[in-house]
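Just below is one structure, and these are the notes that go with it.
In this note's numbering, the protein residues as written are 5 to 155.
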């Protein structure tokens, strides 16, 4: 399975099962406001592949610091499974945000969300579990998605 196939399959599982992924905060409104959970789960799925990839979870902040957004960079390419959440609010100012992003060279919102933090997938997963959710719930969601996408 390629990274793009895994990203598309993961997004599909999120779309079909977001209401039952209760271990991931805010997932009842997927894709709205669940970029961090979606990103850490996808990042960990990539790390579980038998091939080696450089996986970085990126947090971007607006200039005024009021909003943040998360995405994954894998081997230098950008994957944003929740990018389409911004179509309604930012679609007039930015192109290419009406769908998830799978393997782009640059993030289309890079001038809106300036990268402020970069972490390995494992560190980002750990931080998310410690600060925003609980390990049992996030791990259950990860294992469910892993089973559904057959990684």
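Cβ coordinates follow ideal geometry from the N, Cα and C atoms, glycine included.
Less than 8 Å divides the Cβ of residue 113 from the Cβ of residue 101.
Residue 62 is not a Cβ neighbour of residue 47, given a cutoff of 8 Å. Residue 150 and residue 108 have their alpha carbons spaced roughly 23 Å apart. About 17 Å separates the beta carbons of residue 126 and residue 10, which is beyond the 8 Å limit, so they are not a contact pair. Counting only the Cα atoms, residue 81 lies some 25 Å from residue 28.
The three-state reading of DSSP puts residue 99 in coil, since its state is none of H, G, I, E or B. For the pair residue 116 and residue 94, the CB atoms are nearer than the 8 Å cut-off. Counting only residues of its own chain and dropping the five nearest sequence neighbours on each side, residue 140 has a CB closer than 8 Å to the CB of 27. Where residue 146 is concerned, the enclosing alpha helix (DSSP H) starts and stops at 139-153.
In the assembly as shown, residue 104 is a buried residue. Its beta-carbon has 16 or more other beta-carbons within 10 Å.
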